[in-house]
Each structure stands twice: as C-alpha cells, then as structure tokens.
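Asks: Residue numbers (the UniProt record's numbering), protein chains in the order written: chain A, 1 to 306; chain B, 1 to 266. Glycine residues also receive a C-beta, built at the ideal position from the N, C-alpha and C atoms. This one's a predicted model, so the numbers in the text were calculated from it and none came from an experiment.
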Amino acid sequence: MTGVQKTGQAPEETGRTPGTSSATPAKSVESAKQGARRSYTLIAGCVLAGLIVLLAAVSFVWLPYAPDDTSGTRLAAPGAGHLLGTDKLGRDLFTQLMTGSRIAVEAGLGSVLTAALIGVSLGVLSAFALGWLDDTLAAFLDILIAFPTLLLAMLIVAARSATLGSAVLAIGLAQSAVVARLVRILVKRVLAQDYITAARTSGTSWPRVVAGHVLPNIWPTLVVNLALQFGLAVLAEASLSYLGLGAPPPNASWGRMLQEAQATFTTAPAGALAPGVLLVLLVIGVNLIADGLRDTLDPTARRRRA
Amino acid sequence: MTLLDIRDLTIRTADGRVLVDRLSLTVSPGERLGLIGESGSGKSLTTLAVLGLLPEGMTATGSVELAGTQIVEASEKQLNGVRGRDAAIVFQEPLTALDPLMRVGRQLAEPLRRRRGLRGTELKRAVTQALEQVRLPEPGRIARAFPHQISGGQRQRAALALALACEPKLLIADEPTTALDVSVQAEMLDLVDTLVREREMAVLFVSHDLAVVARITDRAVVMKDGRAVERGDVREIVRHPRQEYTKALVGSARRLESALDVRSAR
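1) Please name the residues in the segment 204-215 of chain A whose beta-carbon is closer than 9 Å to at least one beta-carbon of chain B, in chain order.
2) Using a Cβ-Cβ cut-off of 6 Å (strictly less than) and excluding sequence neighbours within five positions of residue 31/B, which residues of its own chain qualify?
3) Could you work out which residues of chain D lie near residue 37/B, taking near to mean beta carbons separated by less than 8 Å?
4) Of all the CB atoms in chain B, is at least one closer than 9 Å to the CB of residue 136/A?
5) Thinking residue 13/B and residue 57/B are a contact (beta carbons under 8 Å), I'd like their distance in whole angstroms, please.
6) Closer than 9 Å, Cβ to Cβ, to anything on chain B: give me those residues from the segment 123-150 of chain A, in chain order.
7) Between residue 169/B and residue 67/B, which are expected to be in contact by the criterion C-beta below 8 Å, what is the C-beta distance as a whole number of angstroms?
8) Taking a cut of 8 Å between CB atoms, which residues from the segment 43-63 of chain B lie near chain A?
9) Beta carbons nearer than 8 Å to chain B: which residues of the segment 254-280 of chain A have them?
10) So with CB distances below 8 Å, who are the chain B contacts of residue 217/A?
11) Could you tell me which residues DSSP pairs with residue 94/A in its beta bridges?
12) Does the CB of residue 114/B have a neighbour CB from chain A at under 9 Å?
13) Listing by chain order, which chain A residues have their CB less than 8 Å from the CB of residue 91/B?
14) Going by C-alpha to C-alpha distance, which of 160/B, 59/B, 124/B sits closest to residue 94/B?
15) Check for me: the alpha helix (DSSP H) holding residue 273/A runs from which residue to which?
16) Locate the beta strand (DSSP E) running through residue 242/B, then write down its first and last residues.
17) Taking all protein chains shown into account, do 16 or more other C-beta atoms lie within 10 angstroms of the C-beta of residue 117/A, making it buried, or fewer, making it exposed?
18) Of all the options 180/A, 107/A, 166/A, which has the alpha carbon lying nearest to the alpha carbon of residue 139/A?
19) Can you tell me the Cα-Cα spacing of residue 284/A and residue 83/A, whole angstroms?
20) Measure from the C-beta of residue 81/B to each C-beta in chain A and report whether the shortest distance is under 9 Å.
21) Just the C-alpha distance for residue 187/B and residue 34/B, rounded to the nearest angstrom, thanks.
22) Can you check whether the CB of residue 151/A is closer than 9 Å to the CB of residue 278/A?
23) Use the C-beta contact count for residue 271/A: other C-beta atoms within 10 angstroms, 16 or more gives buried, fewer gives exposed.
24) Do the CB positions of residue 126/B and residue 112/B come within less than 9 Å of each other?
25) From residue 212/B to residue 39/B, what distance separates their C-alpha atoms?
26) By the DSSP assignment, the beta strand (DSSP E) with residue 5/B in it spans what residues?
27) In three-state DSSP terms, what is residue 17/B?
28) Could you check where the alpha helix (DSSP H) with residue 156/A kicks off and where it finishes?
29) Roughly how many whole angstroms lie between the Cα atoms of residue 188/A and residue 208/A?
30) May I have the straight-line CA-CA distance separating residue 46/B from residue 142/B, to the nearest angstrom?
31) Give me the subset of the segment 6-35 of chain B whose CB atoms are less than 7 Å from a CB atom of chain A, sorted by chain position.
32) I want to verify the contact list: residues of chain B whose CB lies under 7 Å from the CB of residue 296/A, in sequence order.
33) Between 219/A, 125/A, 154/A, which lies nearest to residue 100/B when the distance is taken from Cα to Cα?
34) Using a Cβ-Cβ cut-off of 9 Å, state whether residue 162/B counts as contacting chain A.
35) Please compile the residues from chain A whose C-beta is within a distance smaller than 7 Å of the C-beta of residue 111/B.
36) Answer with buried or exposed for residue 99/A, where buried requires no fewer than 16 other C-beta atoms within 10 angstroms of its C-beta.
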C-alpha cells in the first residue's frame with residue numbers, strides 16, 4: 001500500500017528536485033511574465049473603473065453647470081451648450097452624471113467597507129465559536145441573507161431618512177452576511193491545515209495565529225470577493241435610488257436619473273442611456289479588477305498556471 | 001526522572017467513541033521511543049494530546065505529564081508555555097506543514113523571535129543557521145522562497161528546522177518521512193538521527209513503517225485500535241513479534257523491502 005504511494009510520488013519529486021536550485025531564477029522570470037500578461041485584465045479594469053473615479057474626483061472641483069441649475073431648455077438634445085443634453089427640468093445631464101458617479105463610488109466604497117468590517121469580524125468569530133454561539137451566529141447570518149435588501153433598506157430609511165448613508169448601511173449590512181459566511185468557511189479551512197497546528201506547537205497564541213497565518217491566507221479570496229461586492233453594491237444603490245430610497249435631490253444618483261428619464265425615454269433616450277452605460281462600465285471595471293487580483297495576489301496560483 | 005509520562009490516556013470523540021484506550025508510555029530525557037501502528041490506530045492523536053492540540057470536540061482523560069506540566073485540562077496559556085519549549089512536532093505532509101503564503105525565512109523567524117528574543121540581523125543570522133543545521137543548501141535563497149518554490153524534501157527539512165527552532169527537549173516526529181520518496185527518506189532519517197544525537201534530545205517517533213522506526217529508535221510501542229498491544233526493544237519486536245498484529249506488520253514490511261530490492265537490482 002505504501003509502496004504504491006511512494007512510487008506514485010517519486011516521479012514528481014525526482015522531476016522537481018534536481019532542477020530546483022538552478023531553475024528558480026528562470027521560474028521567477030517566468031512567473032513575472034505570467035503576472036504581467038495576466039494583469040492586462042487588472043489594467044483594463046483599472047482603466048474602466050478609474051474613468052468613473054476620475055469623473056467623480058473632478059466633480060468635487062469643477063462641474064459644467066450647478067447641479068440644480070434649471071436654466072437650460074427642457075429635454076435639449078446633446079449639443080454644444082449641453083454635452084449630453086438636458087433633462088425634463090432643464091438640468092445639464094453631464095453635470096448630473098458627474099455628481100452621480102461620485103455617489104456611485106461612495107456607495108460602493110461605503111458598502112464594501114461596512115460589509116468587510118462586520119463580515120470579517122463575525123466570520124472569524126463564528127469560525128472559532130463552539131456550541132450554542134456557533135448555532136446562534138449561523139442562524140443570524142442565514143436570516144440576514146434571506147432578508148430582502150429592499151425591505152431592510154425601507155426599514156432603515158423609515159428609522160433614519162432617505163440619505164446615501166441609509167442606503168449604504170442597508171447594502172453593507174446585507175453584504176456583511178455574505179462576507180461573514182465566506183470568511184467563516186475560509187477560516188475553518190485554514191484552521192484545519194497542518195501549518196496552523198505547527199505554529200501552535202511552537203507556542204504561538206491564537207491572536208497571533210489569526211493575524212499571522214489565518215488572515216493572510218484568506219486575504220486573496222476575500223479581496224476578490226470584496227471587489228465583486230463593490231460592483232453589486234453600486235447596482236444595489238442604483239436600484240434603491242430608482243425607488244427613491246437613496247440619496248435625496250439635488251444629489252443626482254444614476255438610479256434616480258434612470259427613473260426620471262423613464263417617462264421620456266422614447267423622445268430623449270440620452271437621459272436613461274448615459275447613466276446606464278456608466279453603471280455598466282463601472283461594474284465591468286471592478287469585476288475585471290477582481291479577476292485580475294485573483295490571479296496576481298496568490299503566489300501559488302501563479303505556479304499552477306506555469 | 002521522566003520527560004514524558006503518559007498514564008491511562010483515553011481519547012474520546014464528542015459522541016463517545018474511544019479512539020485511544022488507556023495508553024501508558026514514558027520517555028526519559030534523551031531517550032528514543034517508537035510508536036508503531038496502522039493508520040487509525042491512534043498514534044497521531046496521542047502525539048497531539050501530548051501538546052494539548054486535540055481536534056475540536058475530542059476530549060482526553062488520564063494523565064499526560066510533559067516535563068513536569070500536566071497537559072490534560074491545562075489552560076491555553078500554560079500550554080503555550082510548554083509548546084515548542086518542551087516538545088515540538090514534525091508532521092507527515094511537508095506540503096501543508098508550512099504556510100503557503102509566507103516565505104520560509106519569516107516562518108522560522110517567528111518562534112526564534114518569541115523564544116529567544118532575537119531581533120534584526122541577529123534574527124536573520126539565526127534563521128540562516130537554523131536552515132544550515134538541517135543541511136539545506138543555499139539557506140539564503142530558501143529563506144526568501146515560498147514553500148511551493150522548494151522541493152518536498154527541502155520543505156520537510158524546513159519543517160524540521162521549524163520544530164527544532166525552539167530547542168525542544170522532546171521532538172515528536174509524526175511519520176516525517178512517509179510523504180518523501182525513498183532516497184530522500186533515508187537522508188531525512190539520518191538527519192533526524194544526527195541532529196537529535198547532537199542535542200541529546202528525546203524523540204517520540206511515530207510511523208506505520210517498522211523498518212523506519214527500527215532505524216531511529218531503541219524501544220517501541222505497537223498500537224492497535226487505540227491500545228498498546230506490544231512494547232519493548234525494537235529489534236526484539238522485529239525478530240520475535242508476539243502478537244499476530246505485529247507479525248502482520250513485520251511481514252508487510254519484509255514484503256515491501258524485498259519488492260524494493262528486486263526493483264533496485266534491475
């Protein structure tokens with residue numbers, strides 16, 4: 001029985017052992033090349049998302065018109081005065097897109113930060129929890145996942161008011177359950193590894209094991225998931241604003257722009273198309289970033305492809 | 001004085017199954033004891049119980065005294081004091097015994113810093129020394145490498161260096177050569193043998209392979225289904241196994257040995 005195991009292992013071992021010392025520089029060059037080729041995805045994602053972030057950043061210092069300036073012709077076509085035309089109140093569409101991108105990025109960042117903070121703490125806690133605490137946490141997370149984000153948002157808006165903060169809190173809370181479940185599974189898997197036991201046999205305390213070995217090992221998977229959550233959060237915020245549960249006027253959110261342009265879509269499609277396209281670009285951008293990160297963050301993944 | 005004194009150790013799962021049954025054994029300072037048995041006989045659990053590292057849900061009763069500290073029902077804080085200083089473990093699988101995302105040098109530096117209070121260049125030198133001790137070529141390169149960038153044999157040596165870093169009084173080797181191919185296996189055994197002799201360290205060597213155990217240890221305990229079924233001088237056990245079970249183990253070791261001889265003769 002052991003003979004089979006040994007012979008099965010032998011070719012791989014002997015195949016690798018002699019070449020290791022001399023092959024390493026070549027291998028690292030190779031993996032660098034791999035990393036560079038792979039990160040085209042990352043670059044493309046950064047360009048797309050960066051475009052929106054740039055738009056958002058510029059909106060703080062310069063806007064073509066004031067956000068509440070209704071002096072333009074109503075539903076003007078795209079042209080010289082107004083790059084993308086105006087909405088039914090005569091407000092400049094491009095101005096609204098710029099302030100909207102600010103809201104989108106803020107919503108994404110805020111939600112993901114909230115989700116990461118609550119999700120990682122709850123996830124690590126529940127991975128270590130035993131008995132009734134484990135059951136309670138698992139049940140709590142299940143309920144939070146099953147709870148409709150929309151209803152959660154309505155409750156929070158009712159308790160506070162319709163602000164960007166309320167929307168971010170609702171989205172972040174809903175996402176934190178997903179993150180917590182992921183973290184719980186990842187941490188449990190890492191804790192079962194020999195290197196954790198090995199670290200503990202040398203007397204490393206639990207907090208040090210978590211900080212030194214567990215978190216770094218779940219980080220690549222976690223950060224990719226958080227990037228995906230960012231995209232979802234942007235979409236969720238647009239949906240909430242569409243329903244009037246997001247940032248209040250005069251802050252133009254892409255979701256509310258879509259809602260306002262809905263009635264005039266056939267006569268002035270730019271009002272709905274513009275925020276829709278930017279929404280798609282931002283979400284594709286962060287998804288590409290997530291993809292690129294997955295490939296560049298994990299040093300063992302680089303080898304597996306090579 | 002004994003270094004490790006296990007008396008009537010019983011390990012149960014959460015649902016009450018008995019995995020190790022009233023096991024007793026002792027290891028004196030500098031002594032080498034083999035623990036032999038098939039997989040599932042409770043060897044590895046016994047070694048984990050020595051450091052209070054039983055998996056979730058399992059409970060140990062009886063007495064495990066390691067260098068004067070009672071391990072059964074000791075607090076986590078007490079255990080952290082004992083672990084590494086009094087005993088350390090080398091595991092079977094070199095691929096999983098090292099953190100895949102941490103450079104080998106950094107993993108070694110951690111116990112060195114904590115136990116010996118080394119910092120900066122001193123720490124760096126100690127890491128290099130630790131890697132040299134286990135006869136690793138180019139210790140500088142290996143210290144900078146991730147575990148997947150070095151071979152299985154090198155990884156296992158690094159894991160051995162990790163276990164030795166705290167200078168434990170007792171080295172627990174849990175099938176440290178099983179995952180290695182035969183030629184690397186022999187080197188590894190010689191290395192363990194030399195290092196342990198140099199340091200006058202005691203060894204608890206766990207294996208299903210009688211030939212491997214006979215090479216390292218003098219005395220051995222044969223385990224089956226969580227119980228010690230035979231104990232005594234290793235050579236004596238190999239030559240005159242008393243139990244049917246031990247005879248079967250010796251027999252299978254012989255068959256493997258001769259199969260290997262036939263192959264190498266070709």
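Replies: Considering the structure as presented:
1) 204, 205, 206, 208, 212, 213
2) 202
3) The chain inventory of the structure shown lacks chain D, comprising the protein chains A and B.
4) Not an interface residue.
5) 6 Å
6) 130
7) 6 Å
8) 48, 51, 53, 56
9) Within the segment 254-280 of chain A, contact with chain B at the beta-carbon level (separation under 8 Å) is assigned to no residue.
10) Those are 99, 100, 101, listed as they occur along chain B.
11) Looking at the DSSP assignment, residue 94/A forms no beta bridge with any residue, so it has no partner.
12) Yes, residue 114/B counts as interfacial toward chain A.
13) 194, 197, 198
14) 160/B
15) 270-297
16) Here residue 242/B belongs to no beta strand (DSSP E), and DSSP marks it neither H nor E.
17) Around the beta-carbon of residue 117/A, fewer than 16 other beta-carbon atoms lie within 10 Å, marking it exposed.
18) If we check each option's Cα against that of residue 139/A, 180/A comes out closest.
19) Just so you know, the alpha carbons of residue 284/A and residue 83/A end up roughly 24 Å apart.
20) yes
21) 19 Å
22) no
23) buried
24) With contacts defined by Cβ atoms closer than 9 Å, residue 126/B and residue 112/B form a contacting pair.
25) 15 Å
26) 4-12
27) coil
28) 149-159
29) 16 Å
30) If I take the Cα positions, the gap works out to 32 Å.
31) none
32) Correct list: empty, because the minimum Cβ distance to chain B is about 13 Å.
33) 219/A
34) Chain A, which has a Cβ nearer than 9 Å to the Cβ of residue 162/B, makes this yes.
35) 202
36) buried
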